[in-house]
Amino acid sequence: MRKPPAISCDVITTSDKKTIFAVRVDSGPMIRKKIEDFEKLYSKFKDNLPVSTAAPPKKKLLQADAKLQEKRRQWIVALSQTLLSNYYS
1 MRKPPAISCD
11 VITTSDKKTI
21 FAVRVDSGPM
31 IRKKIEDFEK
41 LYSKFKDNLP
51 VSTAAPPKKK
61 LLQADAKLQE
71 KRRQWIVALS
81 QTLLSNYYS
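Counted from 1, the sequence shown has number 81 at position 81 by UniProt numbering; the numbering is strictly sequential.
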């Protein structure tokens, strides 16, 4: 049995204050996507995901950006691990 791939995710803030998430699976190429891209991916797969898979974190009133970015980063890693563990062969 193969071990699941290692997933890393870094938060990048561009010069125009936009947040990009850089995801790498094992030692493969790094992909950079906005949170909206991961939300669309979640929407496409949510009916096939386990019930325990959480929805993407949303911005709350008076929530610090750093805290939200960290929650989103953790969510992206968890979503990626779930997708790869269920569909990786």
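We treat Cβ as the ideally placed atom computed from N, Cα and C, and that holds for glycine.
Closest residue to residue i among the options (Cα-Cα distance)
i, options, result
"Gln69", "Pro5, Ile20 and Ala6", "Ile20"
"Lys34", "Lys67, Pro56, Leu49 and Gly28", "Pro56"
"Pro32", "Ser43, Lys18 and Phe45", "Here residue 32 is Arg; the residue named in the question, Pro, does not match the sequence. Minimum Cα distance to Arg32 is reached at Lys18."
"Glu36", "Arg73, Asn86 and Leu61", "Arg73"
"Phe38", "Ser8, Asp10 and Leu79", "Leu79"
"Pro5", "Asp16, Thr14, Arg24 and Lys67", "Arg24"
Cβ-based neighbour list, residue i, same chain, cut-off 6 Å, excluding 5 preceding and 5 following
i, result
"Ile12", "Ile20 and Ala22"
"Lys71", "Pro57"
Residues near residue i by beta carbon distance below 8 Å, same chain, minus five either side
i, result
"Thr82", "Leu49, Pro50 and Thr53"
"Leu84", "Pro4, Pro5, Ile7 and Val25"
Straight-line Cα distance separating residue j from residue i
i, j, result
"Pro29", "Ile7", "11 Å"
"Lys59", "Ser27", "31 Å"
"Lys67", "Ile76", "14 Å"
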